[in-house]
Structures are given as C-alpha cells and as structure tokens.
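Shown next, in structure tokens, is the structure this report addresses.
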Amino acid sequence: MSVNSPGPIRGSRVGSTAARASSDVVDAPRITIAYFCISGHVTKPVFSKTVEGDIPLQWTCGECGLPAGLDPENPPEPPVNVPFKTHLDYVRERRSEEDGQALLEEALGKLRNRFHSDSSSTETHYRK
Ligand SMILES: [Zn+2]
C-alpha cells in the first residue's frame, strides 16, 4: 500500500492530473470515526483514509458542542468553561434586569453631565 501524496484532501482538482486513473481519485478511501460525548451523542465525521494516522483523539460534538472522544465508555469531561456562553450571558448571570437598568441610567447620566460640562468648559476656557 503506497500512500505518499501529502497534498490536501483530494476532490477539488480535476484536469491537471487527467493522465491518472480518475477512479483512483473518485474512490478515495474514507473512514467514518464515531466520537462519543458525555451527553450520549454520537458524532461521526468522515476522514480521508490518507490521514488515518492523524485522526484526532477528540472531536467537537455536533449536538451540544462538548468534546467527544473515541471511547463510548469513557467520554471526555466537559471543560470547566462551558462553551456557547456569550459575554452577555455571563453579564446577565451577574446582574439582574434592575441592576442593568440602574447601570444604564447611571451611564446615561454621566454622558449627559459630560455634555453639559463640555459645552460650558469651552466658555470657562477663556476665563482668566
Ligand atoms: Zn453532545
């Protein structure tokens, strides 16, 4: 078995290598690897067999985004930082609606004050 074409995963290049048997390209061997996440999902990405040695040990679950591993009995632990949480989610966890409203008022108040002091500061600028 000779697999010595280190090029990218084949499939998009047609024409320049027309001399070669095209069936060789079309039937590029593929393998499906099953990854199991801790939530019980199974994700099955398809790899070109030419990268068999480079099959990643973990894959991201297509259902829940948690890491999925090759061993169904022993799926990888979810990371401490659960993915798919936006910055806004964290902010919402820390602050209630009322807090947010108060903060907004405060910020707006500062803005208004700044506008006022700015417009007056142009006058005070000329003061001696
Ligand atoms: Zn999952």
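Convert by adding 13 to the 1-based position in the sequence shown; the result is the number in the working numbering. We put the beta carbon where it would ideally sit given N, CA and C, even for glycine.
Residue-chain proximity (residue i, chain B), Cβ-Cβ < 8 Å
i   : result
A41 : Given the protein chain composition of this structure (a single chain), no chain B is represented.
Pick from the options that is closest to residue i, judged by C-alpha positions
i   : options         : result
Y48 : A41, Y103, F60  : F60
I44 : T63, C50, H54   : T63
G53 : S109, C77, R107 : C77
Rounded straight-line distance, which links the Cα of residue j to that of residue i
i    : j    : result
E86  : L101 : 35 Å
K123 : D112 : 16 Å
L70  : K98  : 24 Å
V93  : A81  : 15 Å
N126 : A115 : 16 Å
G75  : T56  : 6 Å
P88  : W72  : 11 Å
F128 : L117 : 17 Å
D84  : A41  : 26 Å
E106 : P91  : 20 Å
L79  : I51  : 8 Å
S109 : P58  : 41 Å
A120 : V104 : 16 Å
I68  : I46  : 8 Å
T30  : G66  : Its pLDDT being 48, under 50, T30 is placed unreliably in this model, and the value from its coordinates should be taken loosely. T30 and G66: Cα-Cα distance of roughly 26 Å.
Beta-carbon distances below 6 Å to any heavy atom of ligand 1 define the shell here; list its residues in chain order, please. C50, S52, H54, C74, E76, C77, L79
Kindly provide the ranges of any alpha helix (DSSP H) runs that are 4 or more residues long and lie completely inside the segment 38 to 108, ordered along the chain. 100 to 107
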